[in-house]
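K.L.:
Just so you know, the sequences run in chain order C and W.
Residues in the first sequence are numbered consecutively from 584, following the working numbering.
Residues in the second sequence are numbered consecutively from 584, following the working numbering.
Number of protein chains: 2
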Amino acid sequence: MPNKNLMLSRKQQILNTAARLFRKRGYSATSMRDIAREMQMEAASLYNHINSKQAILSELLLHIAQAFTDGMFEIKNSSVSNIEKLEQLVALHVQMTVDYTDAISLIPNEWVHLEGDAIKHFLNLRDQYEKDFNTLLEAAVKDKKLGDIDIDLASFSILSSLRWLYSWYSKNRHTDVEKLKKEMIRNLIYGLK
Amino acid sequence: MPNKNLMLSRKQQILNTAARLFRKRGYSATSMRDIAREMQMEAASLYNHINSKQAILSELLLHIAQAFTDGMFEIKNSSVSNIEKLEQLVALHVQMTVDYTDAISLIPNEWVHLEGDAIKHFLNLRDQYEKDFNTLLEAAVKDKKLGDIDIDLASFSILSSLRWLYSWYSKNRHTDVEKLKKEMIRNLIYGLK
DNA sequence: CAATCTAACTAACATTTGTTAGTTTTGTAG
DNA sequence: CTACAAAACTAACAAATGTTAGTTAGATTG
Numbered sequence: 584m585p586n587k588n589l590m591l592s593r594k595q596q597i598l599n600t601a602a603r604l605f606r607k608r609g610y611s612a613t614s615m616r617d618i619a620r621e622m623q624m625e626a627a628s629l630y631n632h633i634n635s636k637q638a639i640l641s642e643l644l645l646h647i648a649q650a651f652t653d654g655m656f657e658i659k660n661s662s663v664s665n666i667e668k669l670e671q672l673v674a675l676h677v678q679m680t681v682d683y684t685d686a687i688s689l690i691p692n693e694w695v696h697l698e699g700d701a702i703k704h705f706l707n708l709r710d711q712y713e714k715d716f717n718t719l720l721e722a723a724v725k726d727k728k729l730g731d732i733d734i735d736l737a738s739f740s741i742l743s744s745l746r747w748l749y750s751w752y753s754k755n756r757h758t759d760v761e762k763l764k765k766e767m768i769r770n771l772i773y774g775l776k
Numbered sequence: 584m585p586n587k588n589l590m591l592s593r594k595q596q597i598l599n600t601a602a603r604l605f606r607k608r609g610y611s612a613t614s615m616r617d618i619a620r621e622m623q624m625e626a627a628s629l630y631n632h633i634n635s636k637q638a639i640l641s642e643l644l645l646h647i648a649q650a651f652t653d654g655m656f657e658i659k660n661s662s663v664s665n666i667e668k669l670e671q672l673v674a675l676h677v678q679m680t681v682d683y684t685d686a687i688s689l690i691p692n693e694w695v696h697l698e699g700d701a702i703k704h705f706l707n708l709r710d711q712y713e714k715d716f717n718t719l720l721e722a723a724v725k726d727k728k729l730g731d732i733d734i735d736l737a738s739f740s741i742l743s744s745l746r747w748l749y750s751w752y753s754k755n756r757h758t759d760v761e762k763l764k765k766e767m768i769r770n771l772i773y774g775l776k
């Protein structure tokens, strides 16, 4: 089977390669020459497609963060119960993990290497997302669908597990995605009942 | 001999400072000059106390990993029920998080920058710990103390939350430690019942 | 064919990096 | 006070870094 990367734009190939290397060794420990070697080209040639190393990181991270924000917007405004919205959010995380395993692995830590407006933007999206998540969790408790939990700590626990799912999924790629969604919903949401 | 104690205490200051900076910016993005500046000394002077940047990282990570291994050994061999052992393990994580907040933050990601024997040793300790954790979880299920969960995924979820607790705790240092232990046990263990 | 565009190349740059060597200061024990 | 060891300093190093400038090969278009 030919390389899947062949069908993508050169820029997208570079982003994918960078995501894989950033995941493996971290942003700082990955050099432009590392990325270039993997792409079988010279480091300077990368600049025909991307503006800077920093721009690679911010494209990767902001793309993921925006996708989560968009997903949250849709789910928040849908007309299902609060507990169902929570279920859909867990499913969103699982789906994102499956679709963007490498890039999503950068979310927990590598954002610290963003600079300027990019880091502000990223943290704005992240903080708003977490606020929305807490709000939904609180609403579900008020609906008597969840026990009398510490909202902040429970929210943190759930999101921690979801953020690290990429690591589990990498070792279990055979897993059926829909089954995984159901199991995570059970573990993380109904475990708290 | 009091000279040696003074030297060790200076070394410990360096380790603590390094842990704080490694946490903030990552191992690779933290230079020896960064650590030195924070210690109000020159980079070269650090080498009177430590052998290399790499040695700092491995001392920090292996110290934490060994403490977990020791804790697991004690708990495994104690004469309480399996479910109580799980409770004690959660409490161990919480206590370690409180005692070594900065150094413990390096456990999830920064081990990738270990080299040679250090990385082998670290991964051995980590993998054995996770195996022991899984075994206990399985035993608790067999005791009918937990529902019919996917052991691997549940173990992963619990450990993810515990690994990231340092981040929550940093923003909630006022929290009573014993209360936090109880809440985490409830969230992570009895949530699964 | 000629002109244009894309995407590769080589060469070089100014910084920053971890670390070593050699020297000087400082604190303490006898 | 002297002697010594601990721990700081200055200076320098080779290697690696992100990036720019200028050039060239190959394809596409008029």
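Ideal Cβ positions, reconstructed from N, Cα and C, are used throughout, including at glycine.
Being a predicted model, the structure only gives us computed values, none of them experimental.
What are the uninterrupted segments assigned as alpha helix (DSSP H) that are 4 or more residues long and contained completely in the stretch 622-674 of chain W, given in chain order?
P.N.:
626-629 and 636-659, all fully within the stretch 622-674 of chain W.
K.L.:
Is the Cβ of residue 694 (chain C) closer than 9 Å to any Cβ of chain W?
P.N.:
Not an interface residue.
K.L.:
Residue 697 (chain W) by DSSP, collapsed to three states: which one?
P.N.:
DSSP places residue 697 (chain W) in coil when its eight states are reduced to three.
K.L.:
Would you mind sorting residue 540 (chain C) into buried or exposed? The rule is 16 or more other CB atoms within 10 Å of its CB.
P.N.:
Residue 540 (chain C) cannot be examined here, being either before or after the span of chain C that is shown, 584 to 776.
K.L.:
Report yes if the C-beta distance between residue 766 (chain W) and residue 771 (chain C) is below 9 Å; otherwise report no.
P.N.:
Not a contact, by the Cβ cut-off of 9 Å.
K.L.:
With a 10 Å radius around its C-beta and 16 neighbouring C-beta atoms as the bar for buried, classify residue 756 (chain W) as buried or exposed.
P.N.:
The residue is exposed, with fewer than 16 neighbouring Cβ atoms inside 10 Å.
K.L.:
Using alpha carbons as the reference points, say which of C:601, C:759 and C:713 lies closest to residue 643 (chain C).
P.N.:
Among C:601, C:759 and C:713, the Cα nearest to that of residue 643 (chain C) is on C:601.
K.L.:
How would you list, in chain order, the residues of chain W whose beta-carbon sits under 7 Å from the beta-carbon of residue 733 (chain C)?
P.N.:
The answer, in chain order, is 766.
K.L.:
Just reading off the alpha helix (DSSP H) that residue 751 (chain C) is part of, what are its end residues?
P.N.:
Run containing residue 751 (chain C): 748-753, per the alpha helix (DSSP H) assignment.
K.L.:
Measuring only the C-alpha atoms, how far is residue 591 (chain C) from residue 598 (chain C)?
P.N.:
Each residue's alpha carbon lies about 10 Å from the other.
K.L.:
Short of 6 Å in beta carbon distance, which residues of its chain neighbour residue 738 (chain W), apart from the five on each side in sequence? Order them along the chain.
P.N.:
Here the set comprises 716, 717 and 720.
K.L.:
Quick check on residue 706 (chain W): buried or exposed, where buried means 16 or more other Cβ atoms within 10 Å of its Cβ?
P.N.:
When all chains shown are included, residue 706 (chain W) counts as exposed.
K.L.:
Would you grab the beta carbon distance between residue 680 (chain C) and residue 748 (chain C) for me? Rounded to a whole angstrom, and I think it's under 8 Å.
P.N.:
That pair is a contact at about 5 Å.
K.L.:
Taking the continuous alpha helix (DSSP H) assigned at residue 591 (chain C), which residues delimit it?
P.N.:
No alpha helix (DSSP H) holds residue 591 (chain C); DSSP gives it neither H nor E.
K.L.:
Residues of chain W with a CB under 9 Å from the CB of residue 707 (chain C): which are they?
P.N.:
Ordered by position in chain W, no residue passes the 9 Å Cβ test against residue 707 (chain C), which lies about 17 Å from the chain.
K.L.:
Reducing DSSP to helix, strand and coil, say where residue 767 (chain C) ends up.
P.N.:
Helix, per DSSP.
K.L.:
Along the alpha helix (DSSP H) that carries residue 759 (chain W), what are the first and last residues, could you check?
P.N.:
That residue, residue 759 (chain W), is in no alpha helix (DSSP H); it is neither H nor E in DSSP.
K.L.:
Using a cut-off of 7 Å between C-beta atoms, extract the partners of residue 611 (chain C) located in chain W.
P.N.:
Going along chain W in sequence order, the residues near residue 611 (chain C) (Cβ under 7 Å) are 609, 611 and 612.
K.L.:
Which residues bound the alpha helix (DSSP H) around residue 772 (chain C)?
P.N.:
Note, residue 772 (chain C): premise wrong, no alpha helix (DSSP H); not H, not E.
K.L.:
List, in order along the chain, the chain W residues whose C-beta lies closer than 7 Å to that of residue 737 (chain C)?
P.N.:
Within chain W, the residues near residue 737 (chain C) are 770.
K.L.:
Taking only beta-carbon positions, decide if residue 697 (chain C) is within less than 9 Å of chain W.
P.N.:
No - not a single Cβ of chain W is within 9 Å of the one on residue 697 (chain C).
K.L.:
Taking C-beta pairs closer than 8 Å, name the residues in chain C that residue 753 (chain W) reaches, listed in chain order.
P.N.:
None at all; the shortest Cβ gap to chain C is about 11 Å.
K.L.:
At least one CB of chain C closer than 9 Å to the CB of residue 566 (chain W): is that the case?
P.N.:
Residue 566 (chain W) lies beyond the residue range present for chain W, which begins at 584 and ends at 776; the question has no answer from this structure.
K.L.:
Does the CB of residue 748 (chain W) have a neighbour CB from chain C at under 9 Å?
P.N.:
Closer than 9 Å: yes.
K.L.:
When DSSP labels each residue in this structure, what does residue 597 (chain C) get in the three-state scheme?
P.N.:
Correct three-state label for residue 597 (chain C): helix.
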